[in-house]
Each structure stands twice: as C-alpha cells, then as structure tokens.
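Positions 1 to 105 (my numbering) are the ones given, in order, by the sequence shown.
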Amino acid sequence: MRNVITKLSLFLILVTASSASTPSFDFAMGRFNNVCKDLKNDVLLYFVFIDTRSTSPWTEFDILTTIDSIQVAARWLENQATKQNIPLNIKTDYYIGDEFTTIEK
Numbered sequence: 001m002r003n004v005i006t007k008l009s010l011f012l013i014l015v016t017a018s019s020a021s022t023p024s025f026d027f028a029m030g031r032f033n034n035v036c037k038d039l040k041n042d043v044l045l046y047f048v049f050i051d052t053r054s055t056s057p058w059t060e061f062d063i064l065t066t067i068d069s070i071q072v073a074a075r076w077l078e079n080q081a082t083k084q085n086i087p088l089n090i091k092t093d094y095y096i097g098d099e100f101t102t103i104e105k
C-alpha cells in the first residue's frame, strides 16, 4: 500500500511540475482576428424576437420587458466603460417582424 501511495505522489508531482512549465496562451490575438472586437466607441446591439412552433408567441409585455432589461444592461455597460475611461455608446435596435420594423437608416 505504501508503495502505491509513493508512486501516486511522484506521479502527481511530475504532472504538477510539467503543467507549471507550459507557456500561457495570449487570447488577445484570437480576439482581434475574430468578430469579437473591443467593446468601445459606437456599438449596435441588435436583437430579434422570433416566434416558433415549439414556443409561445412573444406577448407585448414580454417584448417591452425584454427591451427595458436590455436598455438597462446597455446603460450599465456604458457606465462601467466611463469608469474605466473607455468611450462607449450603445445603440439598441430590434426586429419583431415586417409590421414592426424599427431600423432607421
């Protein structure tokens, strides 16, 4: 039993030592080469309300509360950006259907 514990301890020490020496990965390179950019300056937050056969249709109350929650979140993000001296202006817009199109050119 003592031999098993010793071997297990040595194995864990080797695994821990080898994982500490692995180089760290710079995620910024991947972020800047992807669609995910820095959240700063003018940003459009566009959301779509979709009804499907398997879900209930969006009620007016659902839509209004969701829009309100998104606007509250956008203002909070803008306030946090201001505290960090990052210029951020989030414009929210949405699409419900052809009869409720809200996009302005």
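Even glycine gets a Cβ: it sits at the ideal position worked out from N, Cα and C.
Predicted, not measured: the structure shown is a model, and the values here were computed from it.
Asked	Found
In chain order, what are the residue ranges of uninterrupted beta strand (DSSP E) at least 3 long that sit wholly in the region 52–93?	none
Per DSSP, Val43 is paired with what?	Ile90
Less than 6 angstroms between C-beta atoms, sequence neighbours within five positions excluded: which residues of the same chain meet that for Leu88?	Lys40, Glu78 and Ala81
Helix or strand or just coil, what does DSSP make of Phe49?	coil
When the distance is taken between beta carbons, is Thr92 closer than 9 angstroms to Phe47?	yes
At the level of alpha carbons, what is the spacing between Arg75 and Ile90?	8 angstroms
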